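Residue numbers (my numbering), protein chains in the order written: chain A, 1 to 380; chain B, 1001 to 1380.
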């Protein structure tokens, strides 16, 4: 049976790798693509994968693309309305949400309401709206298949297990390029240093998030929702080479771990072919030559963004949205060289302290909280 | 529902730990016990667990026991006939085969024919008669639940997975007390040195087998049968602290591992409560303080018993029986200080070279091969 897939965020790192996976699997087909503004790449994707529909977020770029692909059958749409159309209107059974930012929430909900499974690569969706998404998935009988390597690892470890027998989740973290450094040393960090990730090749935003461990914090909050555990059942452990992608400890003391080379195509393919596994070209782990896997306790004082994530996740309501929006804002400021490296987490902390949290926010309240956080930070 | 269990080999290391697990689980009950000659311990077990039937291999000891437990309702039997009765005649749904040696084969087959699941802790059964046991399990619709920590680990990793998608099994080995030593150094090994195992507390025979890595070789042959893979899909890796109990590599490159503290009660309980997991008192792994997991390639030249096991397993037929019987004989000789440490594996090699292998042996032929191997070795 042909597996039909919509890829929202098709020109980003996860999006392009998703399309590589589709290329390698003859029974997978793309029905819709969505991108921000990179219409050159999107046009190549249209010609290769022949989707029925594409969305370009930027309206002007969408007009340009329409002209350049007028020899094809593709329908070109734009903006949030177009994105919702891409999420819902085609025959896709699974929607890969590889969009960056809270822009991902509405299309995810729309796709779920249309009965589609979600291959989730958009962190913000569960971080800010987990209390809406998880009950909705249950109500609609759709699957949330994690694409992130850590969550996919936990998902793989839970395969065939009873989640009620989970005692703890061990979320692994590489520790990023600044592992082992102290707060004073991080004061001097330059943009160029922060953009070097030791193991994974990713976009600039997530590379910075990985260096501050804010990314791991977001993953902790995501894991809480995905696997229905208490946030304090999730323990982060540094594992510098990213060989163990994450682990589950069961109540009998058994720990099940998923390991692999750092290749995002594995969790992507797993989400798309689940519950089946398939051959995937690429390097394999060789334990005869690997030598060792090392572990460290995270330094919560230096990387206090991780500590803030636990606080936000524990409090819930609108606070994870503030955590995430403040980080987005601060990273943008840092990437534009307007604030220092340590000010990223300081900004998050200030925003969280300033915010009056509300419980059980609607999507509108979540998006309003996002905007309010940006406004507040502008005046700090 | 009450889970009824027969424990064959109840006074040994696995047997006593099985009874500890039964004690901790209110819905488990022992219906039959069998032991070799330790009637003092067996009597205490009778009084605590109140089985309907016990077997003592040694007939004279069985008579003694009959007298001392005449105030109870237990039926005391003896010899192979008694052992078969213990395997079959009670209401047990699961028979734990924790007997040492090829004596385990017949009761295992008898229990399977009676429709009982096997919690397999007797290595020799699959090593020598895997070609009989595995098809029989399928025919009778009974489960073979591994109790060995490595095989249990693989079994746990395969939970919910399709075994046809297995690419490789990584069987971990501690490397024993002589890891890193060379052949010349092993010439001088004394009995006392060989009896010290770094991680697991086990009986003398298996401790020696672990030091020569013959034990790992037996496990490789067992794994081939248990998991239906080719012997060359099984790769042994040294992992000195025995934290990873074994791993499965799937065809997509994902590796799933089971980790834990070295506590045999975990695989025992897992086999008895499968597919459920249950709380088990005991130490837990703490990755914050663990520091590292190290790996090494096995030294097949020094520990050439492991190489011989691959040869025996690859050839099949009666050769694994010769491998196992020669090892049993040689270890006994070593424990009695009649041969040197290195002569253990040399004896196995000689016996294998001397033997004319036959394919698809019956149980009778397997047991005859065992005796012939002993005879041959007497005259070396």
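Even glycine gets a Cβ: it sits at the ideal position worked out from N, Cα and C. All figures in this text were calculated on a predicted structure; none of them were measured in a lab.
Under three-state DSSP, which class holds residue i?
{"i": "residue 69 of chain A", "result": "coil"}
{"i": "residue 1050 of chain B", "result": "coil"}
{"i": "residue 250 of chain A", "result": "strand"}
{"i": "residue 1097 of chain B", "result": "strand"}
{"i": "residue 193 of chain A", "result": "helix"}
{"i": "residue 167 of chain A", "result": "strand"}
{"i": "residue 292 of chain A", "result": "strand"}
{"i": "residue 120 of chain A", "result": "strand"}
{"i": "residue 331 of chain A", "result": "helix"}
{"i": "residue 1002 of chain B", "result": "coil"}
{"i": "residue 92 of chain A", "result": "coil"}
{"i": "residue 379 of chain A", "result": "coil"}
{"i": "residue 61 of chain A", "result": "helix"}
{"i": "residue 1357 of chain B", "result": "coil"}
{"i": "residue 144 of chain A", "result": "strand"}
{"i": "residue 1350 of chain B", "result": "helix"}
{"i": "residue 1326 of chain B", "result": "helix"}
{"i": "residue 1029 of chain B", "result": "strand"}
{"i": "residue 450 of chain A", "result": "Because chain A here runs from 1 to 380, residue 450 of chain A falls outside it and cannot be looked at."}
{"i": "residue 1078 of chain B", "result": "strand"}
{"i": "residue 136 of chain A", "result": "helix"}
{"i": "residue 1239 of chain B", "result": "coil"}
{"i": "residue 362 of chain A", "result": "coil"}
{"i": "residue 8 of chain A", "result": "strand"}
{"i": "residue 437 of chain A", "result": "Residue 437 of chain A cannot be examined here, being either before or after the span of chain A that is shown, 1 to 380."}
{"i": "residue 1321 of chain B", "result": "helix"}
{"i": "residue 1158 of chain B", "result": "coil"}
Please look up how many angstroms separate the CB atoms of residue i and residue j, rounded, as I've assumed it's under 8 Å.
{"i": "residue 211 of chain A", "j": "residue 176 of chain A", "result": "4 Å"}
{"i": "residue 171 of chain A", "j": "residue 246 of chain A", "result": "5 Å"}
{"i": "residue 296 of chain A", "j": "residue 1284 of chain B", "result": "Not really, about 18 Å apart at Cβ, beyond 8 Å."}
{"i": "residue 1160 of chain B", "j": "residue 160 of chain A", "result": "2 Å"}
{"i": "residue 1267 of chain B", "j": "residue 1148 of chain B", "result": "7 Å"}
{"i": "residue 1231 of chain B", "j": "residue 1214 of chain B", "result": "That belief does not hold up - the Cβ atoms of residue 1231 of chain B and residue 1214 of chain B are roughly 16 Å apart, past 8 Å."}
{"i": "residue 1110 of chain B", "j": "residue 1137 of chain B", "result": "Going by Cβ atoms, the distance from residue 1110 of chain B to residue 1137 of chain B rounds to 13 Å, so no, they are not a contact pair."}
If we count the other Cβ atoms within 10 Å of its Cβ and call it buried at 16 or more, is residue i buried or exposed?
{"i": "residue 1371 of chain B", "result": "exposed"}
{"i": "residue 164 of chain A", "result": "exposed"}
{"i": "residue 356 of chain A", "result": "exposed"}
{"i": "residue 239 of chain A", "result": "buried"}
{"i": "residue 1001 of chain B", "result": "exposed"}
{"i": "residue 1092 of chain B", "result": "buried"}
{"i": "residue 1026 of chain B", "result": "exposed"}
{"i": "residue 359 of chain A", "result": "exposed"}
{"i": "residue 1224 of chain B", "result": "buried"}
{"i": "residue 203 of chain A", "result": "exposed"}
{"i": "residue 1361 of chain B", "result": "buried"}
{"i": "residue 1190 of chain B", "result": "exposed"}
{"i": "residue 242 of chain A", "result": "buried"}
{"i": "residue 81 of chain A", "result": "exposed"}
Taking a contact to mean a Cβ-Cβ separation below 9 Å, would you say residue i touches residue j in this structure?
{"i": "residue 97 of chain A", "j": "residue 122 of chain A", "result": "yes"}
{"i": "residue 1052 of chain B", "j": "residue 1099 of chain B", "result": "no"}
{"i": "residue 1305 of chain B", "j": "residue 1180 of chain B", "result": "no"}
{"i": "residue 1236 of chain B", "j": "residue 1326 of chain B", "result": "no"}
{"i": "residue 1085 of chain B", "j": "residue 1077 of chain B", "result": "yes"}
{"i": "residue 1276 of chain B", "j": "residue 162 of chain A", "result": "yes"}
{"i": "residue 83 of chain A", "j": "residue 106 of chain A", "result": "yes"}
{"i": "residue 208 of chain A", "j": "residue 335 of chain A", "result": "yes"}
{"i": "residue 186 of chain A", "j": "residue 233 of chain A", "result": "no"}
{"i": "residue 1321 of chain B", "j": "residue 1128 of chain B", "result": "yes"}
{"i": "residue 1020 of chain B", "j": "residue 1324 of chain B", "result": "no"}
{"i": "residue 1351 of chain B", "j": "residue 1367 of chain B", "result": "no"}
{"i": "residue 1390 of chain B", "j": "residue 1130 of chain B", "result": "Nothing about residue 1390 of chain B can be read from this structure; chain B reaches only from 1001 to 1380."}
{"i": "residue 1005 of chain B", "j": "residue 1018 of chain B", "result": "yes"}
{"i": "residue 1226 of chain B", "j": "residue 1146 of chain B", "result": "yes"}
{"i": "residue 1364 of chain B", "j": "residue 1101 of chain B", "result": "no"}
Just checking residue i against the ligand MG - is the residue's beta carbon closer than 8 Å to any of the ligand's heavy atoms?
{"i": "residue 1009 of chain B", "result": "In terms of ligand content, the structure shown is empty, and the ligand MG therefore cannot be addressed."}
contact_flag[the stretch 107 to 116 of chain A, the stretch 133 to 147 of chain A] where n(CB pairs < 8 Å) is 3 or more: Yes, the stretch 107 to 116 of chain A is in contact with the stretch 133 to 147 of chain A.
Segment contact, 8 Å Cβ cut-off, at least three pairs: the stretch 270 to 279 of chain A with the stretch 299 to 313 of chain A: No contact exists between the stretch 270 to 279 of chain A and the stretch 299 to 313 of chain A.
Three CB pairs or more closer than 8 Å across the stretch 1009 to 1017 of chain B and the stretch 328 to 343 of chain A: Under the three-pair Cβ rule at 8 Å, the stretch 1009 to 1017 of chain B does not count as touching the stretch 328 to 343 of chain A.
Touching by the beta-carbon criterion (3+ pairs, under 8 Å), the stretch 1032 to 1047 of chain B and the stretch 1058 to 1078 of chain B: The stretch 1032 to 1047 of chain B makes contact with the stretch 1058 to 1078 of chain B; the number of CB pairs closer than 8 Å reaches 3 or more.
Inter-stretch contact at 8 Å, needing at least 3 Cβ pairs: the stretch 241 to 255 of chain A / the stretch 1258 to 1267 of chain B: Taking 8 Å as the limit for Cβ pairs, the verdict is that the stretch 1258 to 1267 of chain B does touch the stretch 241 to 255 of chain A.
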